[in-house]
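Take a look at the structure below.
In UniProt numbering, the protein residues as written are 1 to 105.
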């Protein structure tokens, strides 16, 4: 089991440094209030982290689980004007990836 496996791309977190490894993501989840950790999105994300740490699941799924849980935790989506919001970076990366894909086609 290796909790030190790095994500291909760090996961931006709402506060502090991004999660670069499974351990970083697990530490973030551990510090959430119990009521938040009990939500379905976080339970699924934790299971994906465990699966990746035990080499039973892909790192991509672990990253996707954390990102999905973070997005579900936000009460309202980030506005285009709020470029400092951690999740605005996620959307910007996705949009840039889509633009690059379209320009190559």
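Just so it is clear, CB atoms sit at the ideal spot from N, CA and C, and this is done for glycine as well.
Would you decide whether residue i is buried or exposed? Buried here means 16 or more other CB atoms lie within 10 Å of its CB.
i	result
residue 17	exposed
residue 49	buried
residue 30	exposed
residue 1	exposed
residue 46	buried
residue 53	buried
residue 15	exposed
Please return the same chain residues whose Cβ sits closer than 8 Å to the Cβ of residue i, not counting the five positions on each side in sequence.
i	result
residue 4	21, 22, 23
residue 43	37
residue 60	8
Step through the CB atoms of chain D and report whether any lies within less than 8 Å of the CB of residue i.
i	result
residue 6	Looking for chain D here will not work: only one protein chain is present.
According to DSSP, which residues form a beta bridge with residue i?
i	result
residue 19	11
residue 6	21
Using 8 Å as the threshold, is the C-beta distance between residue i and residue j below it?
i	j	result
residue 111	residue 11	Since the first residue of the chain shown is 1 and the last is 105, residue 111 is not available in this structure.
Just to confirm my understanding: we take residue i, look at its own chain, exclude 5 residues before and 5 after, and list those with CB closer than 6 Å. What are they?
i	result
residue 69	41, 42, 45
residue 33	none
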